[in-house]
Amino acid sequence: MKNSILKSALAVSLALGVSAVSLNAQADMLQGTDVKFSGYFKVDAMFSNYSDGSLPAQNLGRDFYVPSLTPVGGAEESTQFDAHAKQTRFRFTSNTKTDEGDSITGVLELDFLVTPGGNERVSNSYVPRIRHAFINYKGWTVGQTWTTFQDVKTLPESVDFVGTTDGVVFGRQALVKYTTGAWEFALENSESTITPFGGGARIVSDDGAVPDAVVRYTHTADWGHVSVAGLLRQLNLEVPNAIDDSVTSAGISITSKIKVGDKDDVRLSFTTGSGLGRYIGLNTVNGAVLDASGNLETIDSTAYAVAYRHVWNNKMRSTVSYSALSVDNDVALTGLSATESTYSVSANLLYSPTAKITVGGEIKQATREVESGADGDMTRVQFTMKYAF
Numbered sequence: 081m082k083n084s085i086l087k088s089a090l091a092v093s094l095a096l097g098v099s100a101v102s103l104n105a106q107a108d109m110l111q112g113t114d115v116k117f118s119g120y121f122k123v124d125a126m127f128s129n130y131s132d133g134s135l136p137a138q139n140l141g142r143d144f145y146v147p148s149l150t151p152v153g154g155a156e157e158s159t160q161f162d163a164h165a166k167q168t169r170f171r172f173t174s175n176t177k178t179d180e181g182d183s184i185t186g187v188l189e190l191d192f193l194v195t196p197g198g199n200e201r202v203s204n205s206y207v208p209r210i211r212h213a214f215i216n217y218k219g220w221t222v223g224q225t226w227t228t229f230q231d232v233k234t235l236p237e238s239v240d241f242v243g244t245t246d247g248v249v250f251g252r253q254a255l256v257k258y259t260t261g262a263w264e265f266a267l268e269n270s271e272s273t274i275t276p277f278g279g280g281a282r283i284v285s286d287d288g289a290v291p292d293a294v295v296r297y298t299h300t301a302d303w304g305h306v307s308v309a310g311l312l313r314q315l316n317l318e319v320p321n322a323i324d325d326s327v328t329s330a331g332i333s334i335t336s337k338i339k340v341g342d343k344d345d346v347r348l349s350f351t352t353g354s355g356l357g358r359y360i361g362l363n364t365v366n367g368a369v370l371d372a373s374g375n376l377e378t379i380d381s382t383a384y385a386v387a388y389r390h391v392w393n394n395k396m397r398s399t400v401s402y403s404a405l406s407v408d409n410d411v412a413l414t415g416l417s418a419t420e421s422t423y424s425v426s427a428n429l430l431y432s433p434t435a436k437i438t439v440g441g442e443i444k445q446a447t448r449e450v451e452s453g454a455d456g457d458m459t460r461v462q463f464t465m466k467y468a469f
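Right, here's the structure in full:
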């Protein structure tokens, strides 16, 4: 693999006018380091029907399912079509052996989702973003990657970007983590999301003075695995000459992947806590709300998801899933427009004519209800083609 990369680098360097001497010097620096380039090309097309309104152009909810963006209380039903290749992903992995016999691993992963550049008028150009950028060494992980509060192994195989979005923990951020056996201990970047008194636009506060703390234990057996994670953090808001308050947030997440027969499996997730906010449902609910005196009150929430994956044969498989989020708002503080609950159900059929290519389709039905009792539905039919390398 390294020779292939060096040959490619030589061709690019010659085309750019970089000297062979300079390239050889860089090649010498790679001795002892293995470099791998992987990823996939993915194209998606989807029809989305909304019972109560529509989503504007360039809205995130038109690229993938975001529970908080399902329209509620709109004037009329609408249907929208979108197509993009933003989920296309590139991953660079380096591994260097040390003189002591250990190894240092570095990972950089990029895709093109959730970035401000680009539109659909002429060239559909979109800028890349960092998904992962971390180092692994002797049990330590340092950098940006999945939060330790999330169990990536229980995410379903889906056409949608996340799949069981309403009911799972999902997030990437800077962290320092130590793994020993079945245990993981992490300190992670803090960020608070807060609902103003009476409701309104989300307040995003970066006033935290301490990192979020996460502990996870995973038991693995022949039948699959079960994992338990705990989160403890502090939510903060400081507004000069007005507000200076903090409140403690805590939560627990229990997840499992269970084998069924030779090839099928069930994936389960249950998360509950006070002030979980951005950790669940792509921040459908905030971590806290302000009261009339400018004090923070945590918002309780519970999320759960189940997905069953069935393998029809060596080229075809399906996943059926259900996920939900329930929020215990104090409406005297949040107002009646705050999201009370969301849920979605989906089913897909995926076909791989060869190991590196997957084509398929998925249908998703989603509902969001706010505290006033009003609700809105989304029905989405999505098609995809992916080439992994």
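Here the sequence shown is numbered in this note's numbering, starting from 81 and rising by one per residue.
Note that CB positions come from ideal geometry on N, CA and C, so glycine has one too.
Given this structure, state the Cα-to-Cα distance separating S452 from G279, to the nearest angstrom. For the purposes of this step, residue 452 is taken as the residue at position 372 of the sequence shown. For the purposes of this step, residue 279 is taken as the residue at position 199 of the sequence shown. S452 and G279 have their alpha carbons spaced roughly 12 Å apart.
What residue range is occupied by the uninterrupted beta strand (DSSP E) comprising T328? The sequence position of residue 328 within the sequence shown is 248, counting from 1. From DSSP, the beta strand (DSSP E) with T328 extends over I323 to V340.
Look at the alpha carbon of K436 and the alpha carbon of V369, and state the distance between them as a whole number of angstroms. Residue 436 sits at position 356 when you count from the first residue of the sequence shown. Residue 369 sits at position 289 when you count from the first residue of the sequence shown. Rounded to whole angstroms, the gap between the alpha carbons of K436 and V369 is 47 Å.
Using a C-beta cutoff of 8 Å, does V461 count as contacting chain C? The chain labelled as chain C is not found in the depicted structure, where only one protein chain is given.
What did DSSP end up calling T178 once you bin it into helix, strand or coil? Locating residue 178 in the sequence shown gives position 98, where the first residue counts as 1. In the three-state reduction of the DSSP assignment, T178 falls in the coil class, being assigned neither a helical nor a strand state.
Got a sec? Which residues, its chain only, sit under 7 Å from A155 by beta carbon, not counting five neighbours each side? Sequence index remark: in the sequence shown, residue 155 carries index 75 (1-based). So the list reads G133, once near-sequence residues are dropped.
If I'm right that L376 touches I274 with Cβ under 8 Å, what's the distance once you round it to whole angstroms? In the sequence shown, the residue the question calls residue 376 occupies position 296. In the sequence shown, the residue the question calls residue 274 occupies position 194. The C-beta separation of L376 from I274 comes to about 7 Å, placing the pair in contact by the 8 Å criterion.
Could you tell me which residues DSSP puts in a beta bridge with Q253? What you label residue 253 is simply residue 173 of the sequence shown in a count that begins at 1. The partner list for Q253 (beta bridge, DSSP) reads T225.
Our contact map puts L135 next to Q160 with C-beta atoms below 8 Å; I'd like the distance itself, whole angstroms only. Reading the sequence shown from its first residue, position 55 is the one you call residue 135. Reading the sequence shown from its first residue, position 80 is the one you call residue 160. Sure, about 7 Å apart at Cβ, within 8 Å.
Just grab the DSSP bridge partners of T273 for me. Your numbering for residue 273 matches position 193 in the sequence shown. T273 is bridged to V284.
For N428 versus S238, is the C-beta distance shorter than 8 Å? The residue given as residue 428 occupies position 348 in the sequence shown. The residue given as residue 238 occupies position 158 in the sequence shown. Taking 8 Å as the Cβ cut-off, N428 and S238 qualify as a contacting pair.
Helix, strand or coil: how does DSSP classify G440 here? Here residue 440 corresponds to residue number 360 of the sequence shown, with the count starting at 1. Strand at G440.
Pair every Cβ in the segment 371-390 with every Cβ in the segment 212-228, then say whether three or more of these pairs are closer than 8 Å. Because the criterion of three Cβ pairs below 8 Å is not met, the segment 371-390 and the segment 212-228 do not touch.
Can you grab the Cα-Cα spacing for the pair V207 / G341, in whole Å? Within the sequence shown, residue 207 is the residue found at index 127, counting from 1. Within the sequence shown, residue 341 is the residue found at index 261, counting from 1. The straight-line gap from Cα to Cα measures roughly 43 Å.
Alpha carbon of F117 to alpha carbon of T245, nearest angstrom: For the purposes of this step, residue 117 is taken as the residue at position 37 of the sequence shown. For the purposes of this step, residue 245 is taken as the residue at position 165 of the sequence shown. Going by the C-alpha atoms only, they are around 29 Å apart.
Name the DSSP bridge partner or partners of K466? To locate residue 466, count along the sequence shown from 1; it is residue 386. Paired residue(s): K122 and T438.
D143 - DSSP class collapsed to helix/strand/coil: Locating residue 143 in the sequence shown gives position 63, where the first residue counts as 1. Correct three-state label for D143: coil.
Identify the continuous alpha helix (DSSP H) that holds V411 and give its terminal residues. Mapped onto the sequence shown, residue 411 falls at position 331. From DSSP, the alpha helix (DSSP H) with V411 extends over V411 to T414.
Beta-bridge pairing of L405 - partner residues as DSSP gives them: For this step, residue 405 is matched to residue 325 along the sequence shown. When DSSP reads this structure, L405 sits in a beta bridge with A383 and T422.
How long is the line joining the alpha carbons of N321 and A330, rounded to whole angstroms? Translated into positions along the sequence shown, residue 321 becomes position 241. Translated into positions along the sequence shown, residue 330 becomes position 250. When rounded, the distance between both Cα atoms is 29 Å.
If we ignore side chains and look at the alpha-carbon of each, how far apart do D286 and E318 end up? Indexing the sequence shown from 1 puts residue 286 at position 206. Indexing the sequence shown from 1 puts residue 318 at position 238. When rounded, the distance between both Cα atoms is 9 Å.
Give me the Cβ distance between D344 and H390, rounded to the nearest whole Å; I'm assuming they're in contact under 8 Å. Numbered from its first residue, the sequence shown carries residue 344 at position 264. Numbered from its first residue, the sequence shown carries residue 390 at position 310. With 8 Å as the limit, D344 and H390 qualify as a contact, their Cβ atoms being about 5 Å apart.
So, at 6 Å on beta carbons, what are the nonlocal neighbours of R397 in its own chain, with the 5 sequence-adjacent residues on each side left out? Within the sequence shown, numbered from 1, the residue matching residue 397 stands at position 317. So the qualifying residues of the chain are V391 and L430.
Grab me the residues of A163's own chain with a C-beta within less than 6 Å of its C-beta, minus the 5 sequence neighbours each way, in chain order. As a working note, residue 163 is residue 83 in the sequence shown. Here the set comprises A125.
Can you say whether Q462 is buried or exposed, counting buried as having 16 or more other CB atoms within 10 angstroms of its CB? In the sequence shown, counting from the first residue as 1, residue 462 sits at position 382. Within a 10 Å sphere around the beta-carbon of Q462 sit 16 or more other beta-carbons, which makes this residue buried.
Among G112, Y467 and S354, which has the Cα closest to the Cα of T438? Within the sequence shown, numbered from 1, the residue matching residue 438 stands at position 358. If we check each option's Cα against that of T438, Y467 comes out closest.
How far does the beta strand (DSSP E) with E189 in it reach, from first residue to last? Stepping through the sequence shown from its first residue, residue 189 is reached at position 109. Note, E189: beta strand (DSSP E), S183 to D191.
D246, DSSP secondary structure in three states: As a first step, residue 246 is located in the sequence shown; it is residue number 166 there, counting from the start. Judged by DSSP in its simplified three-state form, D246 adopts helix.
Compute the beta-carbon to beta-carbon distance between A289 and N316, rounded to the nearest angstrom, for a pair I have assumed lies under 8 Å. By one-based count along the sequence shown, residue 289 stands at place 209. By one-based count along the sequence shown, residue 316 stands at place 236. That belief holds up - the Cβ atoms of A289 and N316 are roughly 7 Å apart, short of 8 Å.
Taking 8 Å as the threshold (C-beta atoms), are A385 and Y359 in contact? Counted from its first residue, the sequence shown places residue 359 at position 279. Counted from its first residue, the sequence shown places residue 385 at position 305. Going by C-beta atoms, Y359 is not nearer than 8 Å to A385.
In the DSSP assignment, find the beta strand (DSSP E) that holds A163 and state where it starts and stops. For this step, residue 163 is matched to residue 83 along the sequence shown. Looking at the DSSP string, the run of the beta strand (DSSP E) that includes A163 is S158 to H164.
Helix, strand or coil at V207 [DSSP, three-state]: Stepping through the sequence shown from its first residue, residue 207 is reached at position 127. When secondary structure is reduced to three states using DSSP, V207 falls in the coil class, being assigned neither helix nor strand.
Straight-line gap, M465 to I338 (C-alpha atoms, nearest Å): As a working note, residue 465 is residue 385 in the sequence shown. As a working note, residue 338 is residue 258 in the sequence shown. So the alpha carbons of these two residues sit roughly 28 Å apart.
Please identify the residue among N363, S336, I332 and P196 whose C-alpha is closest to the C-alpha of T352. Locating residue 352 in the sequence shown gives position 272, counting from the first residue. For the options N363, S336, I332 and P196, the alpha carbon positioned closest to that of T352 is the one of I332.
Residues sharing a beta bridge with T298, DSSP: Looking up residue 298 in the sequence shown gives position 218. Beta-bridge annotation (DSSP): T298 is paired with S307.
Beta-carbon separation of A266 and L255 under 8 Å? One-based indexing of the sequence shown puts residue 266 at position 186. One-based indexing of the sequence shown puts residue 255 at position 175. Yes, the Cβ-Cβ distance between A266 and L255 is below 8 Å.
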